[in-house]
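Residue numbers (mature numbering (1 follows the signal peptide of the UniProt record, and there is no 0)): -18 to -1, 1 to 174. Here's the structure, in structure tokens; my notes come after.
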Amino acid sequence: MKTSILLLALLQALGCSGLPAHNAEPAAIEDRSLGASLAQVNTVYAVNNLYRVTRASLKRKVPLGMNTYDLMMVFGIKETDCLKTSGADPQTCAFKSGFFVPSSTCSSRVRVSADAIQVISLRCGHDSDSSSDSSEEMFASRGRHHFNFPSFVNRDPAPPAPETPPVQPDRPAQSQPAGGRPREDNFNNFLE
């Protein structure tokens, strides 16, 4: 009798200890959220060929209410051999071979509720060795209903090329001073 009470007390303590219970469902929801993000990438960014996920990580899970939360994910993509019009599953396609195969890093915010998974925002940028997120590295950013592309219209034009000074007949062209006037601070290798 004492053993069964002790066993019951032990089970109650372990059940309420705060140890995480293994649940396979969150991994499936994360995979479906990543699939929804990849489908959005292939809709928005793919031109001829589909993209496939190379790496992915869940950065944050933001609870919004009962059975509703946002997943913040970061994942890498690379172009595949499958055509966009083929209707193939991108994760089954082989990566394109070659040195200049387009690859990018994307971040997405996906809203998960009891009955739907919706991509709230998606942002992809070219892969680079640096970790900076300057606007020149980003080729597009997509929110709910807008696209943001880097603006090149407000940049100053390149300055005009400098004019070459006229050649003076008594001096070689390499030693011509700017403005055509002789310089007075000439040095030579001879001691006087």
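For each residue, glycine too, the CB sits at the ideal point set by N, CA and C. Fair warning: this is a prediction, and the values are worked out from it, not measured in the lab.
Legend entry - Closest by C-alpha distance to residue 7, when choosing among 27, 32 and 94: In the sequence shown, residue 7 corresponds to position 25, counting from 1. Nearest of 27, 32 and 94 to residue 7, Cα basis: 94.
Inset, instruction - Assign residue 30 to one of two classes, buried (16 or more other C-beta atoms within 10 Å of its C-beta) or exposed (fewer than that). - result: Here the question's residue 30 lines up with position 48 in the sequence shown. Residue 30 comes out exposed.
Legend entry - Inter-residue spacing [alpha-carbon to alpha-carbon] between residue 39 and residue 57: Reading the sequence shown from its first residue, position 57 is the one you call residue 39. Reading the sequence shown from its first residue, position 75 is the one you call residue 57. Their backbone Cα atoms lie some 6 Å apart in a straight line.
Inset, instruction - Can you tell me which of the three DSSP states residue 45 falls into? - result: Counting from one through the sequence shown, the residue named residue 45 turns up at place 63. DSSP places residue 45 in strand when its eight states are reduced to three.
Legend entry - Contact check, residue 59 vs residue 35, beta carbons under 8 Å: In the sequence shown, the residue the question calls residue 59 occupies position 77. In the sequence shown, the residue the question calls residue 35 occupies position 53. Yes. Within cutoff.
Legend entry - Nearest-angstrom Cα separation, counted from residue 49 out to residue 96: Here the question's residue 96 lines up with position 114 in the sequence shown. Here the question's residue 49 lines up with position 67 in the sequence shown. Residue 96 and residue 49: Cα-Cα distance of roughly 6 Å.
Legend entry - Three-state class that DSSP yields for residue 78 in the structure shown: Here residue 78 is taken as the residue at index 96 of the sequence shown, counted from 1. Residue state, collapsed to three classes: coil.
Inset, instruction - Classify residue 17 as helix, strand or coil using the three-state DSSP reduction. - result: In the sequence shown, the residue the question calls residue 17 occupies position 35. DSSP places residue 17 in the helix class (H, G or I) of the three-state scheme.
Inset, instruction - Output the distance between the C-alpha atoms of residue 126 and residue 78, rounded to the nearest integer angstrom. - result: For this step, residue 126 is matched to residue 144 along the sequence shown. For this step, residue 78 is matched to residue 96 along the sequence shown. With a pLDDT of only 42 at residue 126, under the threshold of 50, the placement of this residue in the model should not be trusted, and no figure is reported.
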